[in-house]
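Before any comments, here is the structure.
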Amino acid sequence: MKKATSAKELNVLIVGSQGSHKDLVGNIILGRNVFDAVDATFDCEKGEGEVCERRVTLVQTPGWLRGYQLCDTAELLKTETILSVTLCPPGLHGFLLAINAELPFKDVYKKATKEHLEYCFGEKVWDHTVVVFSHRGDIDHETIEDYISKEGAPLQSLLEACGNRYHVLCDDGTDNSTNVRQLFDKIDTMVAENSCYEVESRLIQTVEERRKEVDKKAEELRLQTQQQRQRLRRLLSEPKPSLRILMVGWVFSGKSAAGNMILRSEEFHTGERTMKALKQSGEVAGREVVVVDTPGWWKFFPASFIPEVVKTEILEGVSMCSPSPNVILLVVPPDTSFTDEQKRVTEDNMKLFGQSVWRHVILLFTSGDTLGNKTYRATH
């Protein structure tokens, strides 16, 4: 890939975890609301504008879950992040690593940041990175230096990795033009010292070919799903008896939220771990629907590590669907990885329901709004 050479142009990637204020950084730089505050997505966002007499292109990359390690990130998110550099032709001047100065920065966040950036952009990424701290004016420390000192070794070592290049952007309603110009000066100095970021063309080609292959399989699955939906619509047009649904899956997979969506009401508590089986019901599409939410197993732990009290509650959920569940919805969140290890763990935990359980299981993917224009097949 060619180097970015024009002094009048500035091509930059904004990277960081979910909740890191990537959108805030981009909007302050461009001086208007371009980037969506909803950063739980697999899509890159591109914004352009004339800023400080320069043609500026910013690309906001998908954010990994804050504190989650690389192995727990969906493959699609990694792929889209790697390919984000192709949205900045003819080349990239550098990276802005967004860090929310309103939140603590522990060692687990440093490790996650290091893993994701080096996997997607190589170990030399730090030579081309400026850390941008952002906040909305409501912080309990006087200066960013206070924040850096307070957070200690994890944040300080991250800053050292990128040559102690950092900047502060505050969304407090004041004019940021001078502050943005100073940020551009820091980027220019970094480019003068380390040149522009260069990506290996062979890597991009390999990743693009892999994405095309996945997209092809995803389209085949989409057509199959469309045919299944048509058959289901025909079946649903006929009078049906009550429906009993058992929700299962790992901890924080979104079972409770999915149950609320099915019943079209806030019947289950969300945002906290489900500890006991809970039964709720309602009328949906003209039929009585019973939904039973159950405690989840841990994503990486096989059945032998699950406490007996949890297994008892899960089986209690089956009893609540008396005489038996019509369907078992196995809930899977697409915004995290699902490797062979998770497949083995899931199969092991599902043995609790007997050998014939898979004849009654439908996979239910949650957090569909995070996918943008992607498909579920493409995430893994």
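Residue numbers (full-length UniProt numbering): 1 to 380.
All C-beta atoms in this analysis are idealised placements derived from N, C-alpha and C, irrespective of residue type, glycine included.
Predicted model only: the values in this text are computed from it and were never measured.
- alpha helix (DSSP H) segment containing Phe184, residue limits: Ser177 to Asn194
- Message: So, does the region 66 to 83 touch the region 114 to 122, judging by three or more C-beta pairs under 8 Å?
- Response: yes
- Task: Pull up the distance between the alpha-carbon of Thr81 and that of Ala74, whole angstroms please.
- Result: 11 Å
- Query: Which whole-angstrom value describes the C-beta separation of Ser20 and Gly63, a residue pair presumed to lie in contact below a C-beta threshold of 8 Å?
  - Reply: About 6 Å; that satisfies the 8 Å criterion.
- Do you know how far the Cα of His167 is from the Cα of Ala161? Taking the Cα positions, Ala161 is about 15 Å away from His167.
- Item | Supposed close pair Val199, Val85 - CB separation, criterion 8 Å | 5 Å
- Query: Bridge partners of Arg359, per DSSP?
  - Reply: Beta-bridge pairing links Arg359 to no other residue.
- Query: Would you call the region 328 to 341 and the region 305 to 313 in contact, with 3 or more CB pairs under 8 Å?
  - Reply: no
- Which ranges would you report for the beta strand (DSSP E) in the UniProt domain "AIG1-type G" (240 to 380) if only whole runs of at least 3 residues count? 243 to 249, 278 to 284, 287 to 293, 327 to 332 and 361 to 365
- Query: Should Gln33 be labelled buried (16 or more other beta-carbon atoms within 10 Å of its own) or exposed?
  - Reply: This sequence places Asn at residue 33; Gln is not what is there. Counting Cβ neighbours within 10 Å, Asn33 comes out exposed, since fewer than 16 surround it.
- Please name the residue or residues paired with Gln60 in a DSSP beta bridge. Residue pairing for Gln60: DSSP places it in a beta bridge opposite Ile14 and Glu45.
- Message: If I measure Cβ to Cβ from Lys299 and keep anything under 6 Å in the same chain, skipping five residues before and after, which residues do I get?
- Response: Trp250
- Straight-line Cα distance separating Ser177 from Gln342: 48 Å
- When you compare only the Cα positions, how much space is there between Lys2 and Cys196? Unreliable positioning characterises Lys2 in this predicted model, as indicated by a pLDDT of 47, which lies under 50. A coordinate reading is not provided.
- For Glu118, the three-state DSSP class (helix, strand or coil): Glu118: helix per DSSP, three-state reduction.
- Message: Within 10 Å of its beta-carbon, does Gln128 have 16 or more other beta-carbons around it, so buried, or fewer, so exposed?
- Response: In the sequence as displayed, the identity of residue 128 is His instead of Gln. If you draw a 10 Å sphere on the C-beta of His128, you find 16 or more other C-beta atoms in it, and that means buried.
- So, helix, strand or coil for Cys170, using DSSP? strand
- Item | Separation of Leu87 from Leu371, as counted between CA atoms | In this prediction, Leu371 has a pLDDT of 45, which is less than 50 and means its spatial position is unreliable; nothing more can be read from the coordinates.
- Item | Helix, strand or coil at Ser157 [DSSP, three-state] | helix
- Do three or more CB pairs link the region 217 to 224 to the region 93 to 103 at distances below 8 Å? no
- Message: What ranges does the alpha helix (DSSP H) occupy inside the region 62 to 147, keeping only unbroken runs of at least 4 residues that lie completely in it?
- Response: List check, alpha helix (DSSP H) in window: 75 to 83 and 107 to 121.
- Message: Given this structure, state the Cα-to-Cα distance separating Lys216 from Glu209, to the nearest angstrom.
- Response: Linking Lys216 to Glu209 through their CA atoms gives a straight-line distance of about 11 Å.
- May I have the straight-line CA-CA distance separating Ser201 from Val289, to the nearest angstrom? 53 Å
- Item | Range of the contiguous alpha helix (DSSP H) that encloses Lys22 | Segment Lys22 to Leu30, the alpha helix (DSSP H) holding Lys22.
- Is any beta-carbon of chain C found at less than 9 Å from that of Thr339? Absent from the structure: chain C. Only one protein chain is present.
- Item | Beta-carbon proximity list for Tyr109, same chain, < 6 Å, skipping 5 on both sides | Gly67
- Item | Own chain residues within Cβ distance below 7 Å of Ser256, not counting five before or after | Phe268, His269, Thr270, Thr274 and Asp293
- Message: Do Ser324 and Arg244 have their beta-carbon atoms positioned less than 9 Å apart in this structure?
- Response: yes
- Task: Select from Asp146, Thr143 and Phe133 the residue whose C-alpha is nearest the C-alpha of Arg165.
- Result: Ranking the options by Cα distance to Arg165, first place goes to Phe133.
- Item | Where Val51 sits in the DSSP three-state scheme | In the structure shown, Val51 adopts extended strand secondary structure according to DSSP, grouped into three states.
- Would you decide whether Lys351 is buried or exposed? Buried here means 16 or more other CB atoms lie within 10 Å of its CB. So Lys351 ends up on the exposed side.
- Closest Cα partner of Val125 within the set Glu151, Val180, Met190 and Leu30: In terms of Cα proximity to Val125, the closest of Glu151, Val180, Met190 and Leu30 is Met190.
- Item | Inter-residue spacing [alpha-carbon to alpha-carbon] between Pro302 and Phe252 | 16 Å
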